[in-house]
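Residue numbers (the numbering used here): 2 to 409.
No residue lacks a Cβ here, since even glycine has one placed at the ideal position from N, Cα and C.
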Amino acid sequence: MTTPDIAARRVLGAIAALVVGTLTLSACGGNASADANTDGKGGSGTTAKTSTAKITISAKDGATNASINSTGVKVSDGKLTDVKMTVSGSGEAVDGAIAADGGSWKPKEQLERGTKYQISATAKDDSGKTAAANSIFTTVTSSNSFIGTYTPDNGTTVGVGMPVSFNFDKVISDKKAVQSHITVTSSSGQQVVGHWFGTQRLDFRPQEYWKAGSKVTMKIDLDGVQGANGVYGVQKKTVTFTIGRSQVSTVDVDTQTMTVVRDGQTYKSLPISSGSPEHTTYNGQMVISEKFTQTRMNSQTVGLGGEYDIPDVPHAMRLTTSGTFIHGNYWYNKSNPPFGQTGTSHGCVGLADVQGAQGATNAKWFYDNSLIGDVVIVKNSPDKTVAPDNGLNGWNLGWSEWTAGSAA
Numbered sequence: 002m003t004t005p006d007i008a009a010r011r012v013l014g015a016i017a018a019l020v021v022g023t024l025t026l027s028a029c030g031g032n033a034s035a036d037a038n039t040d041g042k043g044g045s046g047t048t049a050k051t052s053t054a055k056i057t058i059s060a061k062d063g064a065t066n067a068s069i070n071s072t073g074v075k076v077s078d079g080k081l082t083d084v085k086m087t088v089s090g091s092g093e094a095v096d097g098a099i100a101a102d103g104g105s106w107k108p109k110e111q112l113e114r115g116t117k118y119q120i121s122a123t124a125k126d127d128s129g130k131t132a133a134a135n136s137i138f139t140t141v142t143s144s145n146s147f148i149g150t151y152t153p154d155n156g157t158t159v160g161v162g163m164p165v166s167f168n169f170d171k172v173i174s175d176k177k178a179v180q181s182h183i184t185v186t187s188s189s190g191q192q193v194v195g196h197w198f199g200t201q202r203l204d205f206r207p208q209e210y211w212k213a214g215s216k217v218t219m220k221i222d223l224d225g226v227q228g229a230n231g232v233y234g235v236q237k238k239t240v241t242f243t244i245g246r247s248q249v250s251t252v253d254v255d256t257q258t259m260t261v262v263r264d265g266q267t268y269k270s271l272p273i274s275s276g277s278p279e280h281t282t283y284n285g286q287m288v289i290s291e292k293f294t295q296t297r298m299n300s301q302t303v304g305l306g307g308e309y310d311i312p313d314v315p316h317a318m319r320l321t322t323s324g325t326f327i328h329g330n331y332w333y334n335k336s337n338p339p340f341g342q343t344g345t346s347h348g349c350v351g352l353a354d355v356q357g358a359q360g361a362t363n364a365k366w367f368y369d370n371s372l373i374g375d376v377v378i379v380k381n382s383p384d385k386t387v388a389p390d391n392g393l394n395g396w397n398l399g400w401s402e403w404t405a406g407s408a409a
């Protein structure tokens, strides 16, 4: 038989068990991150409050294609107090800095592609309450990203014919997306339009040569842009360069002379030797893309067998990817110089020079007075016009043809 006292004790015991059970569930089932943002005060009638500071790590936890440029930390309604970034596994620290206003943090250097990182960040709100956030992520891999190698370089001074040229290391299927995230503008106000040569090369130029003395700005905003299925850009930067004086030199194969025009005025006339009847020189507008005080030229590299191998060609300036140069010639027949008389080269434009690239020669003068981006025009050659993508030679396309190759 159950007495009233015994029954009352059983009821109280059951209620106590339910209370303990409820407390146990709360302790195990609560949100650890949320509970960490309290003031640590408890007691009867006191409600713990979380920090109002909200931390955002741009690279989401578990992400596998995080940016190598824009990964960082921001906070709203508070200030960052500490941010630690490390390479997962090795624990190597990644240097970074909290902004002066405490609102953001970013690495000092660009991150590596295909690397796993960890970020731990803490912040405080105006009441001193702490918030914390963590993320472990992997940056976009080389196989899932693309980079464009471009010319000209930042801070350079180039000739009026120099295009902006990108060569991408992956095939680009979404040309419009990529082109629309590269803008090229000039202080001259000239309209600048892009043109695709195939799926991996994009050049920009105005309708006419750049205006002498103008400043050109190229903004690359490809970070995170999908260029092909599952392949994203990683570059974000601004590049500026200056257009120097105008110099356009015209080679007339009929007269074997080159006339140098500087800023609209004839500056100098030089005797040259163009390609021989068997190895003619391309016609057309060609842009100097490289300069070498001395370089080796081997006929095997241009598909001409073993016809020549000259280890020290002086004052050489590249005009085409396929091997056309304007350069010095010291091996000519001294008793019968060809310059101004006849074409004797394998397609290049030759100027009188001496071995060692030291003498006060026509070749040295032209080399010293030329910039990357200067234009050399060849006319009256029996050869065809150079292909616009053979070197930086898109000027051989009319403006309507050029703009037709734009994807934007």
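If you drop the 5 nearest sequence neighbours on each side, which residues of the same chain put their C-beta closer than 7 angstroms to that of residue i?
i	result
Ser105	Gly73, Val74, Lys75
Thr322	Asn391, Gly392
Gly103	Lys80, Leu81
Asp419	Here the chain comprises residues numbered 2 to 409, so residue 419 is not present and cannot be evaluated.
Ile58	Val74, Ile120, Ala122, Ala134, Ser136
Pro312	Arg297
Near residue i, what residues of its chain come up, given a Cβ to Cβ distance below 6 angstroms and the 5 sequence neighbours on each side ignored?
i	result
Ile183	Ile221
Lys117	Ser89, Thr139
Arg319	Ser290, Glu291, Phe326
Ser121	Lys85, Asn135
Trp396	Gln286
Val261	Ser250, Tyr268, Lys269
Asp83	Thr123
Ala60	Ala67, Thr72, Ser136, Phe138
Ser188	Ser215, Lys216
Leu223	His182, Gly234, Gln236
Tyr210	Val161, Gly162
Trp403	His196
Please state if the CB of residue j and the CB of residue i are separated by a distance shorter than 8 angstroms.
i	j	result
Asn363	Leu372	no
Met163	Val185	no
Ile56	Ala124	yes
Ser166	Thr157	no
Thr241	Val217	yes
Gln236	Gly115	no
Val314	Gly329	yes
Lys176	Trp197	yes
Please report the distance separating the alpha-carbon of residue i from that of residue j.
i	j	result
Ser277	Val350	10 angstroms
Thr281	Ile69	48 angstroms
Lys130	Ser52	5 angstroms
Gln295	Val288	19 angstroms
Gly97	Phe205	35 angstroms
Lys238	Ser146	16 angstroms
Gln180	Ala229	13 angstroms
Thr267	Ile173	44 angstroms
Ser274	Asp264	25 angstroms
Val377	Gln286	6 angstroms
Gln257	Asn168	35 angstroms
Gln191	Ser401	16 angstroms
Val193	Gln208	7 angstroms
Ala405	Gln359	47 angstroms
Ala133	Ala64	19 angstroms
Asn383	Asn284	In the sequence as presented, Asn is not what sits at residue 383; that position holds Pro. Each residue's alpha carbon lies about 8 angstroms from the other.
Leu203	Pro389	12 angstroms
Asp369	Met259	16 angstroms
Met418	Ser247	Within the shown structure, residues of the chain are numbered from 2 to 409, placing residue 418 beyond reach of any answer.
Val379	Asn394	12 angstroms
Asp78	Lys50	15 angstroms
Thr243	Glu93	40 angstroms
Val252	Lys335	23 angstroms
Phe293	His316	6 angstroms
Glu381	Gly399	Sequence inspection shows Asn at residue 381; the Glu mentioned does not correspond to that position. So the alpha carbons of these two residues sit roughly 20 angstroms apart.
Asn337	Ala361	20 angstroms
Measure the beta-carbon distance from residue i to residue j and round it to whole angstroms, keeping in mind my assumption that it falls under 8 angstroms.
i	j	result
Gly160	Gly214	The pair is not a contact, with the Cβ atoms about 12 angstroms apart (cut-off 8 angstroms).
Pro272	Gly341	3 angstroms
Gly231	Gly225	The Cβ separation is near 13 angstroms, so there is no contact.
Lys365	Asp375	Not quite, the Cβ-Cβ distance comes to about 16 angstroms (not below 8 angstroms), so this is no contact.
Gly195	Ala54	No, Gly195 and Ala54 are not in contact; Cβ-Cβ is about 44 angstroms, not under 8 angstroms.
Pro339	Tyr333	6 angstroms
Ala178	Gln227	6 angstroms
I'd like to confirm something about residue i: is its beta-carbon nearer than 7 angstroms to some heavy atom of the ligand FMN, or not?
i	result
Asp384	As far as ligands go, the structure on display features none, and thus does not contain the ligand FMN.
What does a CB cutoff of less than 8 angstroms around residue i pick up in its chain, not counting 5 residues either side in sequence?
i	result
Thr302	Gly324
Thr48	Because Thr48 carries a pLDDT of 47, less than 50, the predicted location of this residue cannot be relied on, and the following value inherits that uncertainty. Correct list: empty, nothing qualifies.
Pro108	Thr72, Gly73, Met86, Val95, Asp96, Gly97
Ser143	Arg114, Gly115
Gly344	Val254, Gln257, Ser274, Ser275, Gly276, Ser277, Pro278, Thr281, Thr282
Thr386	Tyr283, Asn284, Gly285, Asn397
Ser91	none
Asp154	Val240, Phe242
Legend entry - Uninterrupted alpha helix (DSSP H) stretches inside the segment 244–294 (no shorter than 4 residues): Entirely contained in the segment 244–294, not one alpha helix (DSSP H) run reaches 4 residues.
Legend entry - Inside the segment 152–238 only - alpha helix (DSSP H) runs reaching at least 4 residues: Counting only runs of 4 or more, we get 176–180.
Inset, instruction - Could you tell me which uninterrupted alpha helix (DSSP H) segments, each at least 4 residues in length, are contained entirely in the segment 325–376, listed from first to last along the chain? - result: Counting whole runs of 4 or more residues, the segment 325–376 contains the alpha helix (DSSP H) stretches 363–369.
Inset, instruction - Could I get the ranges of all uninterrupted beta strand (DSSP E) runs contained in the segment 76–141, with 3 residues as the minimum, in chain order? - result: List check, beta strand (DSSP E) in window: 80–88, 97–99, 105–108, 117–125, 131–139.
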